[in-house]
Amino acid sequence: MSSVLLFPMPPSRAPEAAPKAPRAAKPHHAGHRERLRERARGAGVHHLPDYELLELFLFRSQPQGDVKPIAKALLARFGSLAAVLAAPVEDLGAVKAEDARGRTKGVGAETALDLAALHEVARRVIKEEAAKRTVISSWTALVAYVRLSLQHEAREQFRVLYLDNRNQLILDEIQNRGTVDHAPVYPREVVRRALELSAKSMIIVHNHPSGDPTPSRPDIHMTRQIVEAARALDLSVHDHLIVGRDGVASFKQLGLL
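For what it's worth, UniProt numbering labels the leading residue of the sequence shown as 1, then goes sequentially.
Structure representation (structure tokens):
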């Protein structure tokens, strides 16, 4: 009978675990939204720089992704927060920015509409403030209102603020829109509209898209024509304001009225 040799079985080995995949690095903007909101809640939104204030608003219309590049691109394109809000919807929609991953993202139609709506809200709030008080004695409110309405307009606008006998605003009406350096004005139409509204006085306003609010010779001549037409019907022209990016020029303060 042959003998059988028994060899011990080698100990079983557990299968080697597959190497762990390296963790993907979190994008730099991860948690940024909540951190920004916390700072806004703690210190107040008035402490945020313009681009972060704009980011905070963009969170609403763009619920995902990093909006900081878009906020900075908007400010770079238009030059200031006020100019961003006053920009035409089609110009806003054309702005694009590249995120940290190299992907290009645009402002988009919805965000552009939201920004335009925010500008209109601000304009109406300031208009209410101007209308609540006597306009002539509220110079600061009046200047703030006309600057917000016209400072960043790309084309010239001619507007008239019609006032009642207490110098409160009845209507701010755009009489005409023109080109980059001219808007046609018809003194008879300005005065006729005042009679229709039972206005007692008016403030003439127009903008210089060039940025310089200095009155031109045609501006001075046109103002004198309106003043003469108004005087014949016992109407007063309190002032003519020219709005530019560099400020607001007042005919009354310049001694031209």
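Built from N, CA and C at the ideal position, the CB exists for glycine as well.
Quick caveat: nothing in here was measured; it's all calculated off a predicted structure.
| Check | Outcome |
| --- | --- |
| Starting from V191, trace the alpha helix (DSSP H) in both directions and tell me its first and last residue. | 187–196 |
| What do you get for Q253, buried or exposed, if any count of 16 or more other CB atoms within 10 angstroms of its CB means buried? | exposed |
| Using CA atoms only, rank isn't needed, just tell me which of V67, P184, T140 is closest to Q157. | P184 |
| Is the number of C-beta pairs between the region 89–97 and the region 68–78 that are closer than 8 Å three or more? | yes |
| Rounded to the nearest angstrom, how far is the Cβ of I242 from that of P209, given a contact under 8 Å? | That belief does not hold up - the Cβ atoms of I242 and P209 are roughly 11 Å apart, past 8 Å. |
| Take A97 as the anchor and find which of P69, T111, R123 has the nearest alpha-carbon. | P69 |
| Counting along the chain, where does the beta strand (DSSP E) carrying S250 start and finish? | 247–250 |
| When DSSP labels each residue in this structure, what does M1 get in the three-state scheme? | Confidence in M1 is poor, its pLDDT being 49 and thus under 50, which makes the residue's placement unreliable; the coordinate value appears in the next sentence. Note: M1 maps to coil in three-state DSSP. |
| Report all residues from its chain with a CB closer than 8 Å to the CB of D164; omit the five preceding and five following residues, and keep chain order. | I170, S198, A199, K200 |
| Indicate the three-state DSSP secondary structure (helix, strand or coil) for A76 in the structure shown. | helix |
| Between Q168 and D50, what straight-line distance do the alpha-carbon atoms span, to the nearest angstrom? | 33 Å |
| Below 8 Å, can you find three or more Cβ-Cβ pairs linking the region 108–127 to the region 185–195? | no |
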